[in-house]
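Letter by letter, the sequence shown follows residues 435 to 660 of the working numbering.
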Amino acid sequence: MVTFNDIFLIVFLAFLEGILSIDNALVLAVLAKALPKEQRKKALTYGLAGAVVFRLAALFLVTWIIKYRWVKIAGGLYLVFMAAKHFLFPSKNNADTKVTRGSFWKVVLVIELTDIAFAVDSILAAVALSSKIWVIFTGGFIGVIMMRYAATVFIKVLEKFPSFEVTAYLLVLWIGVKLVLESTGHAALNFHSAAQPAFWIFWGVMAASIAMGFRRGGRQGGTFKP
């Protein structure tokens, strides 16, 4: 029987998933942007479809997920590697424009694995809020759809303002380090408390890179239309 509380929880979980997945959507946008335009939406759809299947299975394997935190560690390390590669070998990234069919499926797989790494905490939070599998899954499914379209918007922003890639990859690096630190039992750097020096350093760099992105985008005549 469907109750008002079930509906409320579905809406709440979808909203929570959407808010917490903003950084995830940015990472997915960076991954999909490596593909030709005609393949990007398809890669996001396939990748997140696989992630939805994982989330359903994860609801029945939640105790296993709690025990094996290496999923988040692996995801975090890959994000750190991806950001480091972008900053250390920019010429190689720009030159690598030929994308094969194998590369397409590689991106799809990476999108799935990245979403899995991000999904661990949201799954655990959802299980704590409700014991009904269908409620948790429905809320999470709506959240994944929101993330899919948010990633598409981020791709358009990166296309119109290429300088934003610096900001995007800095966020990717931060997210990767955060995932690794949290998963290994270390206190992650706190970027949300103004009382911490890390807050001012990180967001100062973010603000500067965003301002540079708008400035350069304006010079190039870039305008953003969602």
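Ideal placement from N, C-alpha and C gives every residue a C-beta, glycine not left out.
Given Phe396, which residues of its chain have a CB within under 7 angstroms of its CB, disregarding the five upstream and five downstream residues? The first residue shown for the chain is 435 and the last is 660, placing residue 396 beyond what the model contains.
Helix, strand or coil for Ser537? Go by DSSP, reduced to three states. helix
Check whether the Cβ atoms of Arg582 and Leu482 lie closer than 8 angstroms to each other. yes
Would the beta-carbon of Leu511 fall within 8 angstroms of that of Val614? yes
Starting from Leu592, trace the alpha helix (DSSP H) in both directions and tell me its first and last residue. Ile567 to Lys594
In angstroms with no decimal places, state the Cα-to-Cα distance between Ile441 and Lys594. 39 angstroms
What do you get for Lys506, buried or exposed, if any count of 16 or more other CB atoms within 10 angstroms of its CB means buried? buried
DSSP three-state call for Phe446: helix, strand or coil? helix
Where Val436 falls: helix, strand or coil (DSSP): coil
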